[in-house]
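Trainee:
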Amino acid sequence: MFEHRPGREEGAGKRVVITVLGKDRVGIIAGVSAVLAENDVNILDISQTILQDIFTMVMVCDIRNCKIEFGALKEKLKAKGEELGLQIQVQHEDVFQFMHRI
Amino acid sequence: MLSIQEIMETIRMVQQENLDIRTVTMGISLRDCCHGDHKAVGRRMYDKITRLAENLVRTGEEIEREYGIPIVNKRISVTPISMVGESSDTDDFGFFADVMDRAAGEVGVNFIGGFSALVHKGFTSGDSKLLKAIPNALAATQRVCASVNVATTKAGINMDAVYEMGKIIKEAAALTADKDGLACAKLVVFANVPEDNPFMAGAFHGIGEPECVINVGVSGPGVIKNAVDKAKDADFGTLAEIIKRTAFKVTRMGELVGRAASAKLGVPFGIVDLSLAPTPAVGDSVADILEGMGLERCGTHGTTAALALLNDAVKKGGAMASSYVGGLSGAFIPVSEDAGMIRAVSEGALSLDKLEAMTCVCSVGLDMIAVPGETSAETISAIIADEAAIGMVNQKTTAVRIIPAPGKKEGDYVEFGGLLGRAPIITVNKFSSTEFVRRGGRIPAPIQSLRN
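Taken in sequence, the protein lines are chains A and B.
Just so we're aligned, residue 1 is where the first sequence starts under the working numbering, counting upward by one.
Just so we're aligned, residue 1001 is where the second sequence starts under the working numbering, counting upward by one.
1) So is B/ARG1051 buried or exposed if we call it buried at 16+ other beta carbons inside 10 Å?
2) Between the beta-carbon of B/ARG1044 and the beta-carbon of B/ASP1101, is there less than 8 Å?
3) Quick one: residues in its chain with C-beta nearer than 8 Å to the C-beta of B/HIS1048, no 5 flanking neighbours on either side, listed in chain order?
4) Using a beta-carbon distance below 8 Å, is A/LEU84 in contact with chain B?
5) Measuring alpha carbon to alpha carbon, tell me which residue in B/THR1375, B/GLY1365 and B/GLU1106 is nearest B/GLY1391.
6) Return helix, strand or coil for A/ASP53, following the three-state DSSP convention.
7) Taking just the CA atoms, how far does B/PRO1446 sit from B/VAL1393?
8) In terms of residues, what are the limits of the alpha helix (DSSP H) holding B/MET1159?
9) Quick check: the Cα distance between B/THR1251 and B/HIS1035, rounded to an integer number of angstroms?
10) Is the beta carbon of B/PRO1135 sitting closer than 8 Å to the one on B/ILE1168?
11) Under 7 Å between beta-carbons, which chain A residues line up against B/GLY1068? List them in chain order, please.
12) Name the two residues that bound the continuous beta strand (DSSP E) containing B/GLY1027.
13) Where does B/VAL1150 land, buried or exposed, given buried means 16+ other C-beta within 10 angstroms?
14) Could you list the residues in the stretch 1010-1027 of chain B with a C-beta less than 7 Å from some C-beta on chain A, going in chain order?
15) Use the C-beta contact count for B/PHE1125: other C-beta atoms within 10 angstroms, 16 or more gives buried, fewer gives exposed.
16) If you measure from the beta carbon of A/PHE70 to each beta carbon in chain B, is any gap under 8 Å?
17) Quick one, are the C-beta atoms of B/GLY1222 and B/GLU1017 less than 8 Å apart?
18) Excluding the five sequence neighbours on either side, which residues of its own chain have a C-beta within less than 6 Å of the C-beta of B/THR1010, listed in chain order?
19) Helix, strand or coil: how does DSSP classify B/ILE1207 here?
20) Below 6 Å CB to CB, which residues in the same chain sit around B/PHE1436 once its five sequence neighbours on both sides are set aside?
21) For B/CYS1362, collect the residues of the same chain with a Cβ closer than 6 Å to its Cβ; drop the 5 residues on either side in sequence, then sort them by chain order.
22) Please state whether DSSP places B/CYS1034 in a helix, a strand or coil.
23) Note down, in chain order, each residue of its chain lying with its Cβ closer than 8 Å to the Cβ of B/ARG1439, except the 5 sequence neighbours on either side.
24) Which first and last residues belong to the beta strand (DSSP E) in which B/TYR1413 is found?
25) Would B/LEU947 count as contacting chain A if we go by Cβ distances under 8 Å?
26) Could you tell me if B/SER1116 is buried or exposed, where buried requires 16 or more neighbouring beta carbons within 10 angstroms of its beta carbon?
27) Please list the terminal residues of the continuous alpha helix (DSSP H) segment that includes B/ARG1058.
28) Name the one or two DSSP bridge partners that B/LYS1074 has.
29) Cβ of A/LEU51 less than 8 Å from any chain B Cβ?
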């Protein structure tokens, strides 16, 4: 999953990884994707699992056309997370590529 | 292909294991600030520092936000002030320290390094003026850090400078007696000092460096500790391999942040320093890693071997992760800044002599060691001489950052707060070294310096 070669495609460097952690409940995907849709953020990949009893969802998104600044998007998702009792993080995809791939 | 496990591993390192970038340090050359009029020197220094570092803090914060990796400190290092101020008309180099302090305050960094002199073979007039100004400058400013290089493998040890530093350290402690001798925490005495070290208090911008450069220091003892904990029954080869792999990941974050900062600021990327820098926070300790390898307390027999393994594995993993490695790149064992070290000293497991032995296998030096206030300048000088000898003979960097805490004795504590932490007063050998230190002159360079 999440295959991508940094720097070799259009929009590289505009991809972010959104991680959602917490207790499973109804409406997590709907809630998070609503915030993304409102701001023209395209979801490229989505995956979820239970890791050590914690609901874990990871989304890879394209923020090229995002209507708001990165910092503002981060805040909106954080607020949505608080509303749903979840921890939501947004990070540039390079962090993960850089750490785990040469 | 990234797996969900890999993504969660990164998140866990940051959130639970204190992975962070310890410092992004901008090195700035002040060589073009020299002038006959010291006020003109001050103006040029202030203007250049505030111009080049104007966006340093903001850019650092931007990178933190984008990547979700905390950058604990943004700092500045400058050309040794002994050179910058040398041709000016003042004898009071404290003036330049004040300029550095104001410039650092203006751009919002917490420390600025480079109130420094390189005197391993002797003093120029600028060096002498700088050394004379150190105690007052450190007592009067908040952000200025000083360092003095007293020895190299090539030049030997300048014992006149070593003796001088013993006296300067005592004076700096006396001037900040109300704060347990805090000024000494901002002063490092070096042998074989690197010119691109991003870590305070010993950072300065070397004379072989470009106009402006970005150097990065990583952290991550907590991440290594967790990896070591998971390898309880592994043999040493496996243990080293696990540390190498983990160090690679930690260092990659430094490389990423360094490249991003360099691109955003339009300043060349210098080096990543591979040192594992601990903090007083629980779980961010180098001593804990050594104990995780199977030692009951850091400082007991086996500690030197454990540190040698750790340091080497960190370098091997780190070197593969970064295009340019430099600075100190050795494990830090600062007593006051590492909760595990503090505990080891308090419980009598870790002594000054053991710390000295540990510095032989590649840790950087005797760092943040608090000794009784009555310790003489000569004894401090002798401690510096021992450490410089280790550096000189082993062709490595060694450093001493020692605090003779006024009015304190064994069993007491000094409290500096923040990243500088707290330290128990450590026992010093009671026998005198005075006659030895007072001989003066230079200890000649060792035979291994003759390599050509």
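Even for Gly, the Cβ is constructed at its ideal location relative to N, Cα and C.
Mentor: By the coordinates alone:
1) Position 51 of the second sequence holds residue 1051 of chain B. Using a 10 angstroms sphere on the CB of B/ARG1051, the tally of other CB atoms stays under 16, which defines it as exposed.
2) Here residue 1044 of chain B refers to the residue found at position 44 when the second sequence is read from its first residue. Here residue 1101 of chain B refers to the residue found at position 101 when the second sequence is read from its first residue. Contact: no.
3) Translated into positions along the second sequence, residue 1048 of chain B becomes position 48. Checking the displayed sequence, the identity of residue 1048 of chain B turns out to be Lys instead of His. Excluding positions up to five away in sequence, the list reads ILE1028, LEU1030, ASP1032 and CYS1033.
4) As a working note, residue 84 of chain A is residue 84 in the first sequence. Judged by the 8 Å Cβ criterion, A/LEU84 is not in contact with chain B.
5) Your numbering for residue 1391 of chain B matches position 391 in the second sequence. Nearest of B/THR1375, B/GLY1365 and B/GLU1106 to B/GLY1391, Cα basis: B/GLY1365.
6) The residue given as residue 53 of chain A occupies position 53 in the first sequence. Correct three-state label for A/ASP53: coil.
7) The residue you call residue 1393 of chain B lines up with position 393 of the second sequence. The residue you call residue 1446 of chain B lines up with position 446 of the second sequence. Approximately 6 Å, taken between the alpha carbons.
8) Numbered from 1 along the second sequence, position 159 holds the residue referred to as residue 1159 of chain B. Unbroken alpha helix (DSSP H) run through B/MET1159: 1159-1175.
9) By one-based count along the second sequence, residue 1251 of chain B stands at place 251. By one-based count along the second sequence, residue 1035 of chain B stands at place 35. Distance between the alpha carbons of B/THR1251 and B/HIS1035 is about 41 Å.
10) Taking the first residue of the second sequence as 1, we reach residue 1135 of chain B at position 135. Taking the first residue of the second sequence as 1, we reach residue 1168 of chain B at position 168. Contact: yes.
11) Numbered from 1 along the second sequence, position 68 holds the residue referred to as residue 1068 of chain B. Think of a sphere of 7 Å around the beta carbon of B/GLY1068: the chain A residues whose beta carbon falls inside it are GLN89, GLN91 and VAL95, in chain order.
12) Taking the first residue of the second sequence as 1, we reach residue 1027 of chain B at position 27. Residues 1021-1028.
13) In the second sequence, residue 1150 of chain B corresponds to position 150, counting from 1. So B/VAL1150 counts as buried.
14) Those would be THR1010 and ILE1011, in chain order.
15) Counting from 1 along the second sequence, the entry for residue 1125 of chain B is found at position 125. With the sequence shown as reference, residue 1125 of chain B is identified as Ser, and Phe is not the correct amino acid for it. B/SER1125 comes out exposed.
16) Position 70 of the first sequence holds residue 70 of chain A. By this cut-off, A/PHE70 is an interface position.
17) For the purposes of this step, residue 1222 of chain B is taken as the residue at position 222 of the second sequence. For the purposes of this step, residue 1017 of chain B is taken as the residue at position 17 of the second sequence. Yes, the pair counts as a contact, with Cβ atoms nearer than the cut-off.
18) Numbered from its first residue, the second sequence carries residue 1010 of chain B at position 10. So the list is empty, once near-sequence residues are dropped.
19) In the second sequence, residue 1207 of chain B corresponds to position 207, counting from 1. Coil, per DSSP.
20) Within the second sequence, numbered from 1, the residue matching residue 1436 of chain B stands at position 436. Cβ neighbours of B/PHE1436 beyond the five flanking positions: none.
21) As a first step, residue 1362 of chain B is located in the second sequence; it is residue number 362 there, counting from the start. Answer for B/CYS1362: ASN1311 and GLY1330, listed in chain order.
22) Start at 1 with the first residue of the second sequence, and residue 1034 of chain B comes out as number 34. Here B/CYS1034 sits in coil by DSSP.
23) In the second sequence, the residue the question calls residue 1439 of chain B occupies position 439. Taken in chain order, the residues that qualify are MET1159.
24) As a first step, residue 1413 of chain B must be located in the second sequence, where it is residue number 413. Its beta strand (DSSP E) spans residues 1413-1417.
25) What the structure shows of chain B is the stretch from 1001 to 1452, and residue 947 of chain B is not part of that stretch, so it cannot be assessed.
26) Counting from 1 along the second sequence, the entry for residue 1116 of chain B is found at position 116. Label assigned to B/SER1116: buried.
27) Position 58 of the second sequence holds residue 1058 of chain B. First-last of the alpha helix (DSSP H) with B/ARG1058: 1056-1067.
28) Numbered from 1 along the second sequence, position 74 holds the residue referred to as residue 1074 of chain B. Looking at the DSSP assignment, B/LYS1074 forms a beta bridge with B/VAL1024.
29) Here residue 51 of chain A refers to the residue found at position 51 of the first sequence. So, interface residue.
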